[in-house]
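Colleague: Okay, handing you the structure first.
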Amino acid sequence: MQGIPLEGLKVLDMTTSTFNYAGKLLAGFGADVVKVEPPDGDPIRYQPPFVNDQVDPELSGRHLHMNTGKRSIVLDLDIHSDVEKIKDLVKSFDILIESYSPGYMESLGLGYEQLNAIQPELIMASITYFGQDGPYADYEGSELVADALSGYLYLTGDSDKEPVKCFDNLIEQQSSLQAAVAIMTAVTARELQGGGDYLDISATEAALFLLGGPAQMYHWTDRIAGRVGTRLMNSAPQMFYPSCIRPCKDGYVHVHSNTRYVDLLGILMEQPRLNEPEILETPMGHADEIDEIMSRWLMKHDKFEVVRMAQEMRLPFTEVFTPEEIVNDDHLNERNFFVEVDHPLAGRVKQPGAPGMMTGTPWETRRAPLLGEHQDEVLGNQ
23 MQGIPLEGLK
33 VLDMTTSTFN
43 YAGKLLAGFG
53 ADVVKVEPPD
63 GDPIRYQPPF
73 VNDQVDPELS
83 GRHLHMNTGK
93 RSIVLDLDIH
103 SDVEKIKDLV
113 KSFDILIESY
123 SPGYMESLGL
133 GYEQLNAIQP
143 ELIMASITYF
153 GQDGPYADYE
163 GSELVADALS
173 GYLYLTGDSD
183 KEPVKCFDNL
193 IEQQSSLQAA
203 VAIMTAVTAR
213 ELQGGGDYLD
223 ISATEAALFL
233 LGGPAQMYHW
243 TDRIAGRVGT
253 RLMNSAPQMF
263 YPSCIRPCKD
273 GYVHVHSNTR
283 YVDLLGILME
293 QPRLNEPEIL
303 ETPMGHADEI
313 DEIMSRWLMK
323 HDKFEVVRMA
333 QEMRLPFTEV
343 FTPEEIVNDD
353 HLNERNFFVE
363 VDHPLAGRVK
373 QPGAPGMMTG
383 TPWETRRAPL
393 LGEHQDEVLG
403 NQ
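The end of the sequence shown is residue 404 by our numbering, with every number in the run present.
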């Protein structure tokens, strides 16, 4: 197979903030994604980091990453004529993605049933924090709210401290990823059966979708999973200890082991105690002692040295990378994961490239648009 996989697919992207990720994925695989922005631009344009620390809606690193490959037009949804322009555009588009509060699009005459009457083949995806109905539908949401209500927050952090938020907007991005998958499923169904579809994506449910283990634990045993810090545990923790993140001489390493590896851990660290039968049989019962032995040894070595020695023994250790180390990582650079894209104002922008390697239908990273850059191109004489 050769060519651009989604070439010819036309998408109106009316999402904001990190929900832009759904349109980014479709654009990367070749869809024509038109970003509809308010007069002052999508709020993501005002989120740091900024190129050279210069606060400018065209220089936001988050915008430059999340809106790659899209075209940009400006429409004010408070102006009736601009709303009518969206209705006109929908007639020639395949997909509309939006992330407004439930009921807002309907209040403008842009709800799915209203647009389906204009374009019966339209696929519309609404990404919200709680979905279009239910007791929470009208709540004000955020990444942290979805994090809390999904159960992720309760499960993250140390057991003797308050829950800890995941870095960045992982739940918004996860829901956007699931929206993109649902959209492509609907596109396939339309090709096979005809007709449009409406997709109701809840960020909270998208996160909860990944938490089958804790939910099943409670369902089957009435036990509630809790926070375990940096240790890797589940319903059978003894099988996964010691597996944790520990400080070393110059940073942190992920020390991965389990009942199969504890004997090798003792050889690696030259600690005969770790090879004694009582340790090998019940490592979890000696967790504090093992932690102390590991900590003393790790603080004598830097993280790259630790990982090199462990991997030579086929122990799955790894360094905890800083952003600087990630960007300069030999493995990622040899695989050409990072790409550089020229932007008229930001200059040469280095950013993550394809989310997966595809030989026959390659991903393409094109620069993010300037605000309203494609107004005439898309709207013409409207």
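Where is the CB? At the ideal position from N, CA and C, for every residue including glycine.
Residues in the same chain with beta-carbon distance under 6 Å from valine 16, minus the five sequence neighbours each way, listed in chain order, please.
Modeller: Since the first residue of the chain shown is 23 and the last is 404, residue 16 is not available in this structure.
Colleague: Would tyrosine 151 and alanine 225 qualify as a contact pair, given that the criterion is a beta-carbon distance under 9 Å?
Modeller: One-based indexing of the sequence shown puts residue 151 at position 129. One-based indexing of the sequence shown puts residue 225 at position 203. Yes, Cβ-Cβ distance for tyrosine 151 and alanine 225 is below 9 Å.
Colleague: Quick check on this structure: which residue in Pro124, Lys322, Leu130 and Val77 has the alpha carbon closest to the alpha carbon of histidine 102?
Modeller: On the sequence shown, residue 102 is found 80 positions in, with the first residue counted as 1. Closest option to histidine 102, Cα to Cα, is Leu130.
Colleague: Does DSSP put proline 294 in a helix, in a strand, or in coil?
Modeller: What you label residue 294 is simply residue 272 of the sequence shown in a count that begins at 1. Three-state DSSP puts proline 294 in a helix.
Colleague: Using the C-alpha atoms, what's the distance from asparagine 89 back to alanine 49?
Modeller: As a position in the sequence shown, residue 49 is number 27, starting the count at 1. As a position in the sequence shown, residue 89 is number 67, starting the count at 1. Spanning the two alpha carbons is a distance of roughly 9 Å.
Colleague: Would you kindly report the start and end of the unbroken beta strand (DSSP E) that includes phenylalanine 360?
Modeller: Along the sequence shown, one-based indexing puts residue 360 at 338. Counting along the chain, the beta strand (DSSP E) containing phenylalanine 360 begins and ends at 360–365.
Colleague: Alpha carbon to alpha carbon, how far is proline 60 from leucine 97? Give it in angstroms, no decimals.
Modeller: Start at 1 with the first residue of the sequence shown, and residue 97 comes out as number 75. Start at 1 with the first residue of the sequence shown, and residue 60 comes out as number 38. In a straight line, the C-alpha of leucine 97 is about 6 Å away from that of proline 60.
Colleague: Where proline 391 and glutamine 397 are concerned, what is the direct C-alpha to C-alpha distance, given to the nearest angstrom?
Modeller: Reading the sequence shown from its first residue, position 369 is the one you call residue 391. Reading the sequence shown from its first residue, position 375 is the one you call residue 397. C-alpha separation (whole angstroms): 11 Å.
Colleague: Run through DSSP, which three-state label would glutamine 373 get?
Modeller: The residue you call residue 373 lines up with position 351 of the sequence shown. In the structure shown, glutamine 373 sits in a strand (DSSP, three-state: E or B).
Colleague: Work out the CA separation of glutamine 373 and asparagine 358 for me, nearest whole Å.
Modeller: Translated into the one-based positions of the sequence shown, residue 358 becomes position 336. Translated into the one-based positions of the sequence shown, residue 373 becomes position 351. So the alpha carbons of these two residues sit roughly 11 Å apart.
Colleague: At 4 residues or longer, and completely inside the region 64–128: list those alpha helix (DSSP H) runs for me, N to C.
Modeller: Here the runs fully enclosed are 83–88 and 102–112.
Colleague: Alpha carbon to alpha carbon, how far is alanine 211 from aspartate 64? Give it in angstroms, no decimals.
Modeller: As a first step, residue 64 is located in the sequence shown; it is residue number 42 there, counting from the start. As a first step, residue 211 is located in the sequence shown; it is residue number 189 there, counting from the start. If you take the alpha carbons of aspartate 64 and alanine 211, they lie about 31 Å apart.
Colleague: Provide the residue span of the beta strand (DSSP E) that contains proline 384, from first to last.
Modeller: As a working mapping, residue 384 is identified with position 362 in the sequence shown. Where proline 384 is concerned, there is no enclosing beta strand (DSSP E), given that its DSSP letter is neither H nor E.
Colleague: For leucine 233, tell me which candidate among Val209, Gln196, Ile223 and Gln215 has the shortest Cα-Cα distance.
Modeller: Translated into positions along the sequence shown, residue 233 becomes position 211. Of the listed residues, the one whose Cα sits closest to leucine 233 is Gln196.
Colleague: Of the choices Phe339, Pro384, Ala237 and Gly163, whose alpha-carbon is the least far from that of leucine 290?
Modeller: Within the sequence shown, numbered from 1, the residue matching residue 290 stands at position 268. The residue with the shortest Cα to Cα distance from leucine 290 is Phe339.
Colleague: Can you name the start and end residues of the beta strand (DSSP E) that leucine 34 belongs to?
Modeller: Numbered from 1 along the sequence shown, position 12 holds the residue referred to as residue 34. Element bounds for leucine 34: 32–36.
Colleague: Identify, in the order they occur along the chain, each residue of the same chain with its Cβ nearer than 7 Å to the Cβ of tyrosine 68, setting aside the five sequence neighbours on each side.
Modeller: Numbered from 1 along the sequence shown, position 46 holds the residue referred to as residue 68. Excluding sequence neighbours, tyrosine 68 sits near Pro79 and Ser82.
Colleague: What is the rounded straight-line gap between the Cα of proline 259 and the Cα of proline 70?
Modeller: Translated into the one-based positions of the sequence shown, residue 259 becomes position 237. Translated into the one-based positions of the sequence shown, residue 70 becomes position 48. Note on proline 259: pLDDT 44, under 50, position unreliable in the model; the coordinate value appears next. Taking the straight line joining both Cα atoms gives about 40 Å.
Colleague: Within its chain, find whatever has a CB closer than 8 Å to the CB of alanine 204; leave out the 5 residues flanking it on each side and keep chain order.
Modeller: Translated into positions along the sequence shown, residue 204 becomes position 182. Closer than 8 Å at Cβ, skipping near neighbours: Ala147, Leu221 and Ile223.
Colleague: Measure the Cβ-Cβ separation of glutamate 341 and phenylalanine 326 and say whether it is below 9 Å.
Modeller: The count along the sequence shown starts at 1 and reaches residue 341 at position 319. The count along the sequence shown starts at 1 and reaches residue 326 at position 304. Yes, the Cβ-Cβ distance between glutamate 341 and phenylalanine 326 is below 9 Å.
Colleague: With distances taken from CA atoms, which of Lys57, Met379, Leu166 and Leu367 is nearest asparagine 74?
Modeller: Taking the sequence shown and counting its residues from 1, one reaches residue 74 at position 52. Residue Leu367 is the option with its Cα nearest to asparagine 74.
Colleague: Just how far apart, CA to CA, sit alanine 168 and proline 294?
Modeller: Walking along the sequence shown from the start, residue 168 turns up at place 146. Walking along the sequence shown from the start, residue 294 turns up at place 272. Taking the straight line joining both Cα atoms gives about 47 Å.
Colleague: Tell me the residue span of the alpha helix (DSSP H) that contains lysine 46.
Modeller: By 1-based counting over the sequence shown, the position of residue 46 is 24. Segment 43–50, the alpha helix (DSSP H) holding lysine 46.
Colleague: Per DSSP, alanine 147 forms a beta bridge with which residues?
Modeller: Here residue 147 corresponds to residue number 125 of the sequence shown, with the count starting at 1. Partner(s): Ile119 and Leu221.
Colleague: Do tyrosine 176 and glycine 235 count as a contact pair if the criterion is CB distance below 9 Å?
Modeller: As a working note, residue 235 is residue 213 in the sequence shown. As a working note, residue 176 is residue 154 in the sequence shown. Cβ atoms of glycine 235 and tyrosine 176: not closer than 9 Å.
Colleague: For the 8 Å Cβ check, are there 3 or more pairs between the region 371–389 and the region 305–325?
Modeller: No, because fewer than three Cβ pairs between the region 371–389 and the region 305–325 fall closer than 8 Å, the two stretches do not touch.
Colleague: Looking only at its chain, what residues have a beta carbon closer than 7 Å to the beta carbon of proline 27, apart from the 5 residues adjacent to it on each side?
Modeller: As a first step, residue 27 must be located in the sequence shown, where it is residue number 5. So the list reads Phe51, Gly52 and Thr383, once near-sequence residues are dropped.
Colleague: Taking the Cβ atom as the reference point for each residue, do threonine 37 and isoleucine 149 lie within a distance shorter than 9 Å?
Modeller: The count along the sequence shown starts at 1 and reaches residue 37 at position 15. The count along the sequence shown starts at 1 and reaches residue 149 at position 127. Contact: yes.
Colleague: From which residue to which residue does the beta strand (DSSP E) around aspartate 54 run?
Modeller: Here residue 54 is taken as the residue at index 32 of the sequence shown, counted from 1. Looking at the DSSP string, the run of the beta strand (DSSP E) that includes aspartate 54 is 54–59.
Colleague: List the whole-angstrom C-beta distance separating glutamate 194 from threonine 40, where the pair is believed to meet the contact cut-off of C-beta under 8 Å.
Modeller: Here residue 194 refers to the residue found at position 172 when the sequence shown is read from its first residue. Here residue 40 refers to the residue found at position 18 when the sequence shown is read from its first residue. Between threonine 40 and glutamate 194 the Cβ distance is about 4 Å, and since that is below 8 Å, they are a contact.
Colleague: What residue range is occupied by the uninterrupted alpha helix (DSSP H) comprising histidine 353?
Modeller: For this step, residue 353 is matched to residue 331 along the sequence shown. 352–356 is the span of the alpha helix (DSSP H), which, as asked, contains histidine 353.
Colleague: Starting from the Cα of histidine 365, find the closest Cα among Gly91, Gly173 and Val56 and give me that residue.
Modeller: Position 343 of the sequence shown, counted from the first residue, corresponds to residue 365. For the residues Gly91, Gly173 and Val56, the minimum Cα distance to histidine 365 belongs to Gly91.
Colleague: Can you tell me where the alpha helix (DSSP H) with arginine 212 in it begins and where it stops?
Modeller: Working through the sequence shown from its first residue, we reach residue 212 at position 190. Run containing arginine 212: 192–215, per the alpha helix (DSSP H) assignment.
Colleague: By the 10 Å Cβ neighbour count, where 16 or more other Cβ atoms means buried, how is threonine 18 classified, buried or exposed?
Modeller: Coverage of the chain is limited to positions 23 through 404, which leaves residue 18 absent and any answer about it impossible.
Colleague: When DSSP labels each residue in this structure, what does glycine 425 get in the three-state scheme?
Modeller: Past the edges of the chain, shown from 23 to 404, lies residue 425, and the structure says nothing about it.
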